[in-house]
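Working notes, structure below.
Printed below as a string of structure tokens:
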């Protein structure tokens, strides 16, 4: 049915409930003849497959298929509520074009091969050049999947070329936490959202990206509570609609705003003297900035923030001085509880680490820290960015449990726990994401020393910035080999030489870790289609094949396979044979091994079986005298965290300065790497929408979600559109220095960019906005800035809309 | 699918000729199934790049009052197709004790209509009409108390008050795109049951679905509900006096007690606080 007809039908009777058949539902539905209704299903818990919120869903099964989803009422995260993606999460398994068989490109054609052959192909690539083999993984890896890949690379091949897509997503949050507190991940939890009086969103749109958490706040209002909500942003969003204040800043100038707040706290004498004296030290950049900077005194800090008067901040950021004063006054009130939220706006930023430091700093300086509701809270976009990437450490420089390859002690501990020969783990960090893909896309003879990349659980063909340079360039390099484990055809499988069909979500066992340090487990519920298999098994099978071929790197100290899993009687379990993979719970065996790593940084995990019983537990999970396991909601706060010294009130026990104190940083505002100019006069920002998750690989195959958001578009301000005579729905040309594309314009649509800014979502695989984006990245986190670059838009000659002479959109509309 | 056909045919065939026909049919069905299966083998990893198109005719321009009479698309199109008086005028009041057979037919039609607007029984329904604003007030104007004018119904919210309606209820897409409605999916959602089980003929049926998020029975079963789903006895107000909910569907289980020793069925909103 055409959309036009659809509109007609629904408008005709104003709201005849019959809305016409939905995609995939053209026939009259059958009814369950039994009177059992929904009780005919088997229900089981699982965390949602999508974002970092970590909602729990109940999965309803019948005859080996998922048939319904419900919010899990016993889950503390979501308390029974889900978002539109979560309610439809079961349908992601059933897109008709699921990948079912391993496929190898032979003479340019994709040809079905056996798993045995596929494993051989990968083992051959590894053996031919182990130093040039890389794994590109994901914050959607389960903890065991990431752990296996991590050990395979760092404990096996030892070239350290393993990095995740989370590098594009929250790497700046990690460097922000580490350089502030000496250890990664938020101190608070979602309870902060229930108890804050003021919620400040820094370049964040949780109404669409973390809707369940957003509802947790705004629904408090319908229960009669008052919450002051402030949106500090570069574009009006659905979140803005719920806020009392909207502080629109010029892209990149959020650093000036944060420094402006610090300036006012000091000028007004409203900083928390006791908290700062007892719990904080000060830092500033060295001449050549480093992650750890140099120590400064409070007096020096005062001098550094001195220039950031409200008027000066207004000049840089465009936010009126009175609004800066509003923020300064709020932070100066010690009796209210303030929670800051941020996600990609602050992280996808070439000054990402710096702005993370500054927002933590404002909370520390004002003492708005560590009481329920007083928290700087960083959100994650992937279901296990925290659990798998940050905790297992699947980054090019990291080892499990907060360790790093550069530290000799950490390497020795890791070798001991992994039972590896001394010196196996390489001290030199591998290539981070942008560098890994740059080397892969550079001819070998010109120094492109990455020859093979194995991509698991992610879609770099769509998400890498400047994808002409970092992805498409591979097309012409015949000696480079791309392996992609996937569930559907994507922009990444398009260029792949070997495609491996993967099991998805409840087609396998898994463990995820969400944004509030909560580790959550689920069991396999349905069979994957065709010959699709678990990603974890895929890596283990390659490791075993290499071991059987006598490849030394897959042998431990005693010559045993590095992924040795045994029965209680000491006999080996041949889980690398697929038919035996579920003879034992491989996830559990790997989790128990990994758990030993988690004590060093007090990120203690409980035994696997505790997670089977719970709806997730927040680490550190500490065993009590009666044998039970207790989770920790508020880290570093004496009232809740058992690792804080009694009487200290707060203690940052992994402090950079080794004295239990956190660091308050001064980081100056600096110009962005690319700003609008005469040639490219506008800002381009990119992002997500509520209905789709990341590259749409899963959600674009759910008819209900696709109907709601069928394709990408470019949001424009009505004044900018009117100036060029552009009308709503008209296709225009959008160009940056890196590429160009044609997109329909949506004025006054989902979001409302200010004059001089356009916004394009990145979910649409037919309109790849990363052809346009800039690959400039933060010097510490190596995370690229997807949120801003210079762009121009032009009408396309002979576009039919112009001839039809439709009225341009109203130039006087508010915007 | 193929398996089921085999069983059906072998059950029905007694004579040898019938057996022969049956076997032939099975073979034919198998062959067709095999070929269809072959054609669906997903060897192709190229992207489906043609799924979204942009049709000039669907461009929505701003509507002025003078244009409203002639609008052929958009939220105000057809606003004159029925007057409020017409809508409210001739429709008979909902029957109270309806003919059982007629009731069943009405119920089936209503359930079919209902199923078109959600992925499975229990999924939040989609927004079946264009929405201009996303402000809460615009949803609540009709769905706050519920509206029924003739066959036009805006059901009252079946759940307690939540602020962000479009968090769960997906709206229509952008106004200017041809939507590729045929997203190929093999998902088969749970269908609504035809009725709740009864202990014996004449006993009140149990509630065959979860009551969580569907705790206002009158949203669907009230006088403004769809034909066949309406209660036959609107004069009674305490539904669960006679119709038992399901602890399992409401996600309460035996041994799941709160601190005071009561089974924690109704406390999930505050769980963990």
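Chains as they are written, first to last, in our numbering: chain A, 904 to 1718; chain B, 3 to 275.
Beta carbons are placed, not taken as given, at the ideal position from N, Cα and C, and that holds for glycine.
Within 10 angstroms of its Cβ, does residue 1619 of chain A collect 16 or more other Cβ (buried), or is it exposed? In the first chain, the residue the question calls residue 1619 of chain A occupies position 716. Buried.
Mind checking if residue 1649 of chain A is an interface residue toward chain B, Cβ cutoff 8 Å exclusive? For the purposes of this step, residue 1649 of chain A is taken as residue 746 along the first chain, with counting starting at 1. Yes, its Cβ sits closer than 8 Å to a Cβ of chain B.
Can you check whether the CB of residue 1337 of chain A is closer than 8 Å to the CB of residue 1680 of chain A? Here residue 1680 of chain A corresponds to residue number 777 of the first chain, with the count starting at 1. Here residue 1337 of chain A corresponds to residue number 434 of the first chain, with the count starting at 1. The criterion of a C-beta distance shorter than 8 Å is satisfied by residue 1680 of chain A and residue 1337 of chain A.
What's the gap between the Cα of residue 1204 of chain A and the Cα of residue 1570 of chain A? Numbered from its first residue, the first chain carries residue 1204 of chain A at position 301. Numbered from its first residue, the first chain carries residue 1570 of chain A at position 667. Roughly 10 Å separates the two Cα atoms.
Have a look at residue 1710 of chain A and residue 1630 of chain A and give me their C-alpha separation to the nearest angstrom. If you number the first chain from 1, residue 1710 of chain A lands on position 807. If you number the first chain from 1, residue 1630 of chain A lands on position 727. At residue 1710 of chain A the pLDDT is 40, less than 50, meaning the model places this residue with poor confidence; the figure from the coordinates comes in the next sentence. Residue 1710 of chain A and residue 1630 of chain A: Cα-Cα distance of roughly 7 Å.
If you draw a straight line from the C-alpha of residue 244 of chain B to the C-alpha of residue 205 of chain B, how long is it? For the purposes of this step, residue 244 of chain B is identified with residue 242 of the second chain, where counting begins at 1. For the purposes of this step, residue 205 of chain B is identified with residue 203 of the second chain, where counting begins at 1. Straight-line Cα distance between these residues: approximately 9 Å.
8 Å Cβ cut-off: residues of chain B touching residue 1117 of chain A: One-based indexing of the first chain puts residue 1117 of chain A at position 214. Within 8 Å Cβ-Cβ: 166, 169.
Which stretch, first to last residue, makes up the beta strand (DSSP E) that contains residue 965 of chain A? For this step, residue 965 of chain A is matched to residue 62 along the first chain. 959-965 is the extent of the beta strand (DSSP E) around residue 965 of chain A.
Indicate whether residue 1400 of chain A and residue 1384 of chain A have their beta-carbon atoms separated by less than 8 Å. Indexing the first chain from 1 puts residue 1400 of chain A at position 497. Indexing the first chain from 1 puts residue 1384 of chain A at position 481. Closer than 8 Å, so yes.
Proximal residues of chain B, C-beta to C-beta of residue 987 of chain A below 8 Å: Here residue 987 of chain A refers to the residue found at position 84 of the first chain. Chain B residues near residue 987 of chain A: 126, 168, 169, 170, 171, 172.
Cβ pair count under 8 Å reaching 3, the segment 1281-1297 of chain A against the segment 1424-1440 of chain A: Contact between the segment 1281-1297 of chain A and the segment 1424-1440 of chain A is not established, with fewer than three Cβ pairs separated by less than 8 Å.
The segment 1681-1695 of chain A / the segment 1579-1599 of chain A touching (three or more Cβ pairs under 8 Å): Yes, the segment 1681-1695 of chain A touches the segment 1579-1599 of chain A.
Comparing the C-beta of residue 1112 of chain A with each C-beta of chain B, is any distance below 8 Å? Locating residue 1112 of chain A in the first chain gives position 209, where the first residue counts as 1. It does not; no Cβ of chain B falls within 8 Å.
One or two residues paired with residue 1266 of chain A in a DSSP bridge: As a first step, residue 1266 of chain A is located in the first chain; it is residue number 363 there, counting from the start. Per the DSSP secondary-structure output, residue 1266 of chain A pairs with nothing in a beta bridge.
If you reduce the DSSP assignment to three classes, tell me which class residue 1343 of chain A lands in. Residue numbering aside, residue 1343 of chain A sits at position 440 when the first chain is read from its first letter. It is helical.
Span of the beta strand (DSSP E) holding residue 202 of chain B? Taking the first residue of the second chain as 1, we reach residue 202 of chain B at position 200. The continuous stretches of beta strand (DSSP E) do not include residue 202 of chain B, and DSSP gives it neither H nor E.
Suppose the cutoff is 8 Å on Cβ atoms and the five residues either side in sequence are ignored; what does the same chain contact list for residue 1160 of chain A look like? Residue 1160 of chain A sits at position 257 when you count from the first residue of the first chain. When the five nearest sequence neighbours on each side are left out, the beta carbons in the same chain lying within less than 8 Å of the beta carbon of residue 1160 of chain A are those of 1135, 1150, 1152, 1216, 1220, 1222, 1227, 1230, in order along the chain.
Could you tell me whether the segment 1182-1198 of chain A touches the segment 1562-1569 of chain A, using the rule of 3 or more Cβ pairs below 8 Å? Cβ pair count under 8 Å is three or more, so yes.
Can you tell me whether residue 116 of chain B is buried or exposed, with buried defined as 16 or more other CB within 10 angstroms of its CB? By one-based count along the second chain, residue 116 of chain B stands at place 114. Only buried fits residue 116 of chain B, as 16 or more other CB atoms lie within 10 angstroms of its CB.
So residue 1490 of chain A contacts chain B; which residues on that side make the cut at Cβ distance below 8 Å? Walking along the first chain from the start, residue 1490 of chain A turns up at place 587. Near residue 1490 of chain A there are no residues of chain B at all, since even the closest Cβ is about 25 Å away, more than 8 Å.
Inspect the beta-carbon positions of residue 1673 of chain A and residue 1369 of chain A and report whether they are closer than 8 Å. Counted from its first residue, the first chain places residue 1673 of chain A at position 770. Counted from its first residue, the first chain places residue 1369 of chain A at position 466. Yes.
Between which residues of its own chain and residue 1699 of chain A is the CB-CB distance below 8 Å, once the five residues before and five after are set aside? To locate residue 1699 of chain A, count along the first chain from 1; it is residue 796. Cβ neighbours of residue 1699 of chain A within its own chain (closer than 8 Å, five residues either side excluded): 1634, 1635, 1636, 1645.
So residue 143 of chain B is in the alpha helix (DSSP H); what residue range does that whole segment cover? The count along the second chain starts at 1 and reaches residue 143 of chain B at position 141. Note, residue 143 of chain B: alpha helix (DSSP H), 138-145.
Cα-Cα separation, residue 976 of chain A to residue 1610 of chain A: Locating residue 976 of chain A in the first chain gives position 73, counting from the first residue. Locating residue 1610 of chain A in the first chain gives position 707, counting from the first residue. Taken atom to atom, the span from the alpha-carbon of residue 976 of chain A to that of residue 1610 of chain A is near 28 Å.
Contained beta strand (DSSP E) runs [length at least 3] in the segment 1344-1373 of chain A, N- to C-terminal order: For the segment 1344-1373 of chain A, whole beta strand (DSSP E) runs of length 3 or above, ordered along the chain, are 1355-1359.
Separation of residue 1117 of chain A from residue 1274 of chain A, as counted between CA atoms: Translated into the one-based positions of the first chain, residue 1274 of chain A becomes position 371. Translated into the one-based positions of the first chain, residue 1117 of chain A becomes position 214. The C-alpha of residue 1274 of chain A lies about 20 Å from the C-alpha of residue 1117 of chain A.
Below 7 Å on C-beta distance, what does residue 176 of chain B contact in chain A? In the second chain, residue 176 of chain B corresponds to position 174, counting from 1. Ordered by position in chain A, the residues that pass the 7 Å Cβ test against residue 176 of chain B are 1616, 1649, 1652.
Would you call residue 1310 of chain A buried or exposed, if buried means 16 or more other Cβ atoms sit within 10 Å of its Cβ? Along the first chain, one-based indexing puts residue 1310 of chain A at 407. Residue 1310 of chain A should be labelled exposed.
Which residues does DSSP pair with residue 1067 of chain A in a beta bridge? Along the first chain, one-based indexing puts residue 1067 of chain A at 164. DSSP output for residue 1067 of chain A lists A:1040 as bridge partner(s).
Assuming the contact rule is C-beta atoms closer than 8 Å, residue 1305 of chain A and residue 1057 of chain A should be a hit. Round their C-beta distance to whole Å, please. Within the first chain, residue 1305 of chain A is the residue found at index 402, counting from 1. Within the first chain, residue 1057 of chain A is the residue found at index 154, counting from 1. With a Cβ gap of about 14 Å, residue 1305 of chain A and residue 1057 of chain A do not count as contacting.
For residue 1264 of chain A, is the beta carbon positioned less than 7 Å from some heavy atom of the ligand FMN? Here there are no bound small molecules, and the ligand FMN is not part of this structure.
Is it true that the CB of residue 1508 of chain A sits closer than 8 Å to the CB of residue 1418 of chain A? The residue you call residue 1418 of chain A lines up with position 515 of the first chain. The residue you call residue 1508 of chain A lines up with position 605 of the first chain. Contact: no.
Going residue by residue through the segment 1373-1457 of chain A, where are the continuous beta strand (DSSP E) segments of at least 3 residues, counting only ones entirely within it? Correct list: 1384-1389, 1401-1404, 1413-1416, 1421-1425.
Please report the distance separating the alpha-carbon of residue 1244 of chain A from that of residue 996 of chain A. Here residue 1244 of chain A refers to the residue found at position 341 when the first chain is read from its first residue. Here residue 996 of chain A refers to the residue found at position 93 when the first chain is read from its first residue. If you take the alpha carbons of residue 1244 of chain A and residue 996 of chain A, they lie about 32 Å apart.
So, does the segment 1524-1542 of chain A touch the segment 1171-1178 of chain A, judging by three or more C-beta pairs under 8 Å? They do not touch, by the three-pair rule.
Contact under 8 Å by Cβ, residue 1362 of chain A with residue 1388 of chain A: To locate residue 1362 of chain A, count along the first chain from 1; it is residue 459. To locate residue 1388 of chain A, count along the first chain from 1; it is residue 485. Between residue 1362 of chain A and residue 1388 of chain A, the gap from beta carbon to beta carbon reaches 8 Å or more.
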